[in-house]
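S.K.: One structure, pasted below without further comment.
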Amino acid sequence: MIYTTILVQLDIDAPATPRLIFARQVARQFEADLIAVAAAEPSALVSPSESSPAVAEVLRHRTLEIEDRISKLKEEFLAIAGDNERASWRAELDDPTRAVALHARAADLVITGAPAAAAAGDFRRTVDPGALVLSAGRPVLFAADDLASLKGERIMVAWKDCREARRAVVDAMPFLRNAKEV
Numbered sequence: 198m199i200y201t202t203i204l205v206q207l208d209i210d211a212p213a214t215p216r217l218i219f220a221r222q223v224a225r226q227f228e229a230d231l232i233a234v235a236a237a238e239p240s241a242l243v244s245p246s247e248s249s250p251a252v253a254e255v256l257r258h259r260t261l262e263i264e265d266r267i268s269k270l271k272e273e274f275l276a277i278a279g280d281n282e283r284a285s286w287r288a289e290l291d292d293p294t295r296a297v298a299l300h301a302r303a304a305d306l307v308i309t310g311a312p313a314a315a316a317a318g319d320f321r322r323t324v325d326p327g328a329l330v331l332s333a334g335r336p337v338l339f340a341a342d343d344l345a346s347l348k349g350e351r352i353m354v355a356w357k358d359c360r361e362a363r364r365a366v367v368d369a370m371p372f373l374r375n376a377k378e379v
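According to our numbering, the sequence shown is numbered sequentially starting from 198.
Structure representation (structure tokens):
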């Protein structure tokens, strides 16, 4: 298995640059395409039966705020990706976990990180890490926001002879091949 396409998930409430730089480095390491995905779902926190002009205005305002933030994330992405034709941008006004899982179909590896503190627990603005791992159908790499590169020279594999451990090792094989010591 090799990684030919890497997807990086961006939180709309966090700076994208650290995660993008990390994802770009991993993509270069494996000579892979890079897809960036940003998504959020506007919500007025009222039941559907409580529709009114005020609720519609709140939803419109939140939608505009999300679109503005996504536009800024795209600018960050383009500044880092440059004119790299192997990098592409995707954005959705949708549940972030669902959107990333949908776009993960086009990737071999998903890179994400801890949800931004401002949005932690608000899964309309950031991914639900557990749900993403279960729904992506791809290996998910959680990277710290201050991690600039992934050397992976020495890798330790915790092993239990079970289906999940075997699957994890197969999914990590590109990293294991590049390691000097496993």
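Yeah, the Cβ is synthetic: ideal placement off N, Cα and C, and Gly gets one too. Owing to the predicted nature of the structure, the values given are computational and were not obtained by experimental measurement.
#1: Measuring alpha carbon to alpha carbon, tell me which of D208, H258 and A229 ends up nearest N397.
#2: List the DSSP bridge partners of R351.
#3: Give the secondary structure of E289 by DSSP, where H, G and I count as helix, E and B as strand, and everything else as coil.
#4: I believe P380 touches I199 by the beta-carbon criterion, under 8 Å. Please report the beta-carbon distance rounded to the nearest angstrom.
#5: Identify whether F380 lies in helix, strand or coil by the three-state DSSP scheme.
#6: How is V234 classed by DSSP in three states: helix, strand or coil?
#7: Return the Cβ separation of A304 and I209 in integer angstroms, given the expectation that the two are a contact with Cβ distance under 8 Å.
#8: Starting from I199, trace the beta strand (DSSP E) in both directions and tell me its first and last residue.
M.R.: This is what the structure gives:
#1: Past the edges of the chain, shown from 198 to 379, lies residue 397, and the structure says nothing about it.
#2: Translated into positions along the sequence shown, residue 351 becomes position 154. For R351, which the question treats as bridged, DSSP gives the partners E378.
#3: For the purposes of this step, residue 289 is identified with residue 92 of the sequence shown, where counting begins at 1. It is a strand residue.
#4: An answer regarding residue 380 cannot be provided, because it is not within the stretch 198 to 379 covered by the chain.
#5: The shown model of the chain, from 198 to 379, leaves out residue 380, and the question about it has no answer.
#6: Taking the first residue of the sequence shown as position 1, residue 234 is located at position 37. In the structure shown, V234 sits in a strand (DSSP, three-state: E or B).
#7: In the sequence shown, counting from the first residue as 1, residue 304 sits at position 107. In the sequence shown, counting from the first residue as 1, residue 209 sits at position 12. In fact, because the Cβ distance is near 20 Å, the residues do not count as touching under 8 Å.
#8: Residue numbering aside, residue 199 sits at position 2 when the sequence shown is read from its first letter. Segment: none, I199 is in no beta strand (DSSP E) and carries neither H nor E.
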